[in-house]
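Down below is the structure, laid out as structure tokens.
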Amino acid sequence: MEVDILAFGAHPDDVECGAGGILARHAAEGYRCGIVDLTAGEMSTNGTVEERKAEASKAAEILNCPIRKCLNLPDAHLSVEQEGVYSVIKVLREFKPRIVLAPFYRDDRHPDHGVAGELVRRAVYLAGLKSLPLEGDAFRPQKLFFFLLYVNRDPDLIVDVSDYYQIKEAAIRAHQTQFQQHCYGGEGPLSLVNDSFFLRFISSRDRYFGSLIGASCGEGVVPYGKLAVADLCGEVGFK
Ligand SMILES: [Zn+2]
């Protein structure tokens, strides 16, 4: 099965936090989207691998992503080595995405996030080499975009996800073992506002990014390399 967009995360809730709105929006517009978790999140303080797998599958359903795969690389010990890069290349060759999303490859508080971005960055290029000793036809996605997790950086592009924010929130909430209030001692109903500092950071930032483009919520991305625009009066998105 081929996809238009394939989003990679280091852990089973990364894609939801950084690009859940983007996936929900593109899926609703008819693009086929998939998610690949590099690890099963086995080093998490809360939740077993089985629980996290079930939560990830539920979240993918909420985002309307028919594909969710886990590469079972080592959580908390992700490294930019051949095993990981080759695992990513195999899924790129299998699903042939036009667009790839991955965590920004530098400066994130969690070392796995940056490593995940760098692994995917390398794999996107190397997947196009015919002589690589791997199965599958050489294939290179058209474009790689980095999404932002626990890192402060100005995005180069902001996607308006205002109409899909409830879906993003529901997908994040599907990861109950990670975001239940008891994990953080919060009170009141489970919501992004009452939840962990990380979720507050994510939702505040999404609202801020939205405000920069005249929308209520936006998710920022950083393209790897430059983007070509043919018509400055067209879909550039000035408001
Ligand atoms: Zn993570």
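If you read the sequence shown in the working numbering, its first letter stands for residue 1326, the second for the next number, and so on. Cβ coordinates follow ideal geometry from the N, Cα and C atoms, glycine included.
Does any heavy atom of ligand 1 sit closer than 6 Å to the C-beta of H1336?
Checking every heavy atom of ligand 1 against the Cβ of H1336, one is found closer than 6 Å.
If you check the beta carbons only, do P1399 and G1366 fall under 7 Å apart?
No, the pair does not count as a contact, with Cβ atoms beyond the cut-off.
What does the Cβ neighbour count give for D1462, buried or exposed, with the cut at 16 atoms within 10 Å?
By the neighbour-count criterion, in which 16 or more other beta carbons inside 10 Å mark a residue as buried, D1462 falls on the exposed side.
Counting Cβ pairs, one atom from each stretch, are 3 or more of them under 8 Å apart for the stretch 1479-1486 and the stretch 1434-1447?
The stretch 1479-1486 makes no contact with the stretch 1434-1447, as fewer than three CB pairs between them are under 8 Å.
By DSSP, does G1345 sit in helix, in strand, or in coil?
In this structure, G1345 counts as helix in the three-state DSSP scheme.
State yes or no: is the C-beta of A1499 within less than 7 Å of the C-beta of A1384?
With a cutoff of 7 Å on beta-carbon distance, A1499 and A1384 are scored as near each other.
Any idea which residues DSSP pairs R1393 with across the strands?
The beta-bridge partner set that DSSP reports for R1393 consists of I1360.
Does Q1503 pass the burial test, meaning 16 or more other C-beta atoms within 10 Å, or should it be called exposed?
Classification of Q1503: buried, given that the 10 Å Cβ count is 16 or more.
Does the beta carbon of D1485 fall short of 6 Å from some heavy atom of ligand 1?
Every heavy atom of ligand 1 is 6 Å or more from the Cβ of D1485, so no.
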